[in-house]
Amino acid sequence: VLRCLGIPTRVITNFNSAHDSNINLSIDKYIDTSGKTLYLTEDSVWNFHVWNESWFIRRDLGSFYDGWQDLDATPQERSKGVYRCGPASTRAIKEGDVNLDYDSSFVFAAVNADYVTWIHYSKKNKKKIYSDTRKIGKFISTKAVGTNSRVDVTANYKYPEVKEISFKISYSQYKNSLKDDMKILVTAV
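In full-length UniProt numbering, the protein residues as written are 1 to 189.
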């Protein structure tokens, strides 16, 4: 419909799409001490989810948030009492501005939530045993104009994941670094 009105619109597909039901920006999985999954939350990760982007000027949010806006015709949660999602600024999602109107926190979680596993001992006692900050929001894609090729638009939604750099040092270098730490500690006291 938006295209019929002359508004640029495209379909977006997000792989490993998070459904963060309590908007804590974390997809929590609970297990008991034997490893059996406990269903204590409605959080989930879908293989993929699809929504639309349309190009708007955002006078309500300011020109910084102009551009692609996310709209979901199949919302899974209520937003201010109504089943709806968007328009959420794609730029706000990338920048982590999750307190803006129109569901930016929900879409942010869909593409950027942490996936956390907890051992649940009791109502008051749980322990985090696993956290994956890279699982959610993979290969966010749209169709290329004029072809059936996929265009990766992940960079519109999130900054590149930071890669951990592993390096090895000799024992003597390690030992010397401890001496430097001791000097700092003694100086601080």
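Cβ coordinates follow ideal geometry from the N, Cα and C atoms, glycine included.
- In the three-state scheme derived from DSSP, where H, G and I count as helix and E and B as strand, Arg59 is classed as coil.
- When beta bridges are read from the DSSP output, Gln69 appears opposite Ser54 and Ser89.
- Per DSSP, Ser141 is one residue of the beta strand (DSSP E) stretching across Lys138 to Lys143.
- In terms of CA proximity to Tyr102, Gln69 leads the group Asn24, Gln69, Trp118 and Ala110.
- Distance from Ser104 to Val98 at the Cβ level is roughly 5 Å; contact confirmed, criterion being Cβ atoms closer than 8 Å.
- With fewer than 16 neighbouring CB atoms inside 10 Å of its own CB, Arg150 falls in the exposed class.
- The Cβ neighbour count for Cys4, taken over all protein chains shown within 10 Å, is under 16; the residue is labelled exposed.
- For Tyr115, the uninterrupted beta strand (DSSP E) segment begins and ends at Asp114 to Ser122.
- Note on Trp46: under 16 other CB atoms within 10 angstroms of its CB, so exposed under the neighbour-count rule.
- With respect to the 9 Å criterion, Phe108 and Leu25 are classified as neighbours on the basis of their beta carbons.
- Apart from the 5 residues on each side of it in sequence, Thr33 sits with its Cβ closer than 8 Å to the Cβ of Ile119 and Tyr121 in its chain, given in chain order.
- Taking C-beta atoms as the reference points, Lys124 and Val116 fail to come closer than 9 Å.
- By a beta-carbon distance limit of 8 Å, Arg134 does not contact Glu95. Their separation comes to about 19 Å.
- For Asn156, the enclosing alpha helix (DSSP H) stretches over residues Thr154 to Tyr157.
- DSSP places Ser105 within a helical segment (H, G or I) once states are collapsed to three.
- As computed with DSSP, Thr13 is found in a beta bridge with Val50 and Ser141.
- Going by DSSP, Asn125 is part of the beta strand (DSSP E) stretching over Asn125 to Asp132.
- The residues Thr13, Asn14, Phe15 and Ser17, in chain order, have a CB closer than 7 Å to that of Phe48 in the same chain once the five nearest residues on each side in sequence are set aside.
- Collapsing the DSSP output to three states places Val111 in a helix.
- Nearest neighbour of Tyr130 by Cα position, chosen from Ile31, Phe56, Arg10 and Val82, turns out to be Ile31.
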